[in-house]
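J.:
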Amino acid sequence: MPELPEVETTRRGIAPHLVGHSVVSVTLRQAALRWPVPAELPALLQRRKLLAVNRRGKYLLLQFKHGHVLLHLGMSGNLRIVDVNQPAARHDHVDIRFNNNAVLRFTDPRRFGALLWTSEPPSRHDLLRHLGPEPLSDAFDGDYLFARSRKRKQAVKLLIMDSKIVVGVGNIYANESLYLSGIRPGRAAGRVSRASYHTLAADIKAVLAKAIKQGGTTLRDFVGGDGKPGYFKQQLRVYGRAGEPCQRCGKPLKEVRLGQRSTVYCSACQR
DNA sequence: CAGCGCCCCTGCCCGC
DNA sequence: TGCGGGCAGGGGCGCT
Numbered sequence: 020m021p022e023l024p025e026v027e028t029t030r031r032g033i034a035p036h037l038v039g040h041s042v043v044s045v046t047l048r049q050a051a052l053r054w055p056v057p058a059e060l061p062a063l064l065q066r067r068k069l070l071a072v073n074r075r076g077k078y079l080l081l082q083f084k085h086g087h088v089l090l091h092l093g094m095s096g097n098l099r100i101v102d103v104n105q106p107a108a109r110h111d112h113v114d115i116r117f118n119n120n121a122v123l124r125f126t127d128p129r130r131f132g133a134l135l136w137t138s139e140p141p142s143r144h145d146l147l148r149h150l151g152p153e154p155l156s157d158a159f160d161g162d163y164l165f166a167r168s169r170k171r172k173q174a175v176k177l178l179i180m181d182s183k184i185v186v187g188v189g190n191i192y193a194n195e196s197l198y199l200s201g202i203r204p205g206r207a208a209g210r211v212s213r214a215s216y217h218t219l220a221a222d223i224k225a226v227l228a229k230a231i232k233q234g235g236t237t238l239r240d241f242v243g244g245d246g247k248p249g250y251f252k253q254q255l256r257v258y259g260r261a262g263e264p265c266q267r268c269g270k271p272l273k274e275v276r277l278g279q280r281s282t283v284y285c286s287a288c289q290r
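Numbering (the working numbering), first residue to last: 20 to 290.
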């Protein structure tokens, strides 16, 4: 589920229900996520007021006066606002109940997600400290990508998926933006021109911004609880379309694996 | 250090 | 219908 647009959609979906309200209780049903959920979390959050819900890359940050809950959805995680009477289902690992009777429910079948506590500024936390710029910020542009890619032999697709270079570009949007930019995913990052990186940075921004906008349209559904997106699927040009004709030239799209991830491109349009 | 595989885990789909 | 294999939107970690 979670590409950056969905994490941002999640943030916008949950924040209005929770910010300004205080935690009544925390129910921990399954602590074995990517890292153990701290057993002291319930005590830490008890009676504390949630000040804000922030995002850094694909991490969500629940801000309290004395620290932050650091939350990652992994591959299969999702957060929903549910009613206090909503019974927990399989894979509903954590509930945070607030004094307005809203419950923030964390569900994650594969348990690649994370839920941690930090009392230091989140930017100094080990998991966030080395993260690159936000893709939608001014710090991320073609010149930046060009500079960071010099002398690198790694495939350009892996470069843009590296969170130390730029956060939030997942497999789907890496494929999509490289297609839009006409750049072959396997090209050595150091051999892509400055001009191409300008195009690529612009396409990454455009594709993410568009998806966030569409996430907005499913906001109500999402918070309402059935939480099944899939709204962008029909707009994807290459991801999940190996063998189908390229929408630009008609040639069948190719699929290769790069860094153990499915990579789809047009061998005619992408060079 | 850059770069590459491995692996955490469940669910689902496909082919036999 | 059952079962094994492969794959899935992430990303930290350990090794070369």
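We treat Cβ as the ideally placed atom computed from N, Cα and C, and that holds for glycine. Small disclaimer: the values here were computed from a predicted structure and weren't measured.
Per DSSP, what kind of secondary structure is residue 239 in: helix, strand or coil?
T.: With a pLDDT of 39 at residue 239, under the threshold of 50, the modelled position of that residue is not reliable, and the figure given next carries that caveat. Looking at residue 239 - three-state DSSP - the assignment turns out to be helix.
J.: Go through its chain and collect everything with a Cβ distance to residue 161's Cβ below 6 Å, but skip five positions before and after it.
T.: 216, 217, 220, listed in sequence order.
J.: With burial defined as no fewer than 16 other Cβ atoms inside 10 Å of the residue's Cβ, what is the status of residue 25: buried or exposed?
T.: buried
J.: Starting from residue 273 and walking both ways along the beta strand (DSSP E), at which residues does that stretch end?
T.: Counting along the chain, the beta strand (DSSP E) containing residue 273 begins and ends at 273-277.
J.: For the putative contact between residue 177 and residue 277, defined by C-beta atoms under 8 Å, what is the C-beta separation to the nearest angstrom?
T.: 6 Å
J.: Taking contact to mean at least 3 C-beta pairs separated by less than 8 Å, is the segment 102-114 in contact with the segment 135-155?
T.: no
J.: Could you check if residue 289 is buried or exposed, using at least 16 other CB atoms within 10 Å of its CB as the buried criterion?
T.: So residue 289 counts as buried.
J.: If you follow the beta strand (DSSP E) that residue 74 is part of, which residue opens it and which one closes it?
T.: For residue 74, the uninterrupted beta strand (DSSP E) run begins and ends at 71-75, by DSSP.
J.: Under 6 Å Cβ to Cβ from residue 135, same chain only, skipping five residues before and after it: list those, please.
T.: 89
J.: Closest by CA to residue 109, which one among 91, 128, 123?
T.: Checking every option, the nearest Cα to that of residue 109 belongs to 128.
J.: Along the chain, where does the alpha helix (DSSP H) containing residue 143 start, and where does it finish?
T.: Segment: none, residue 143 is in no alpha helix (DSSP H) and carries neither H nor E.
J.: Touching or not, the segment 261-268 and the segment 55-65, by the rule of three or more beta carbon pairs under 8 Å?
T.: no
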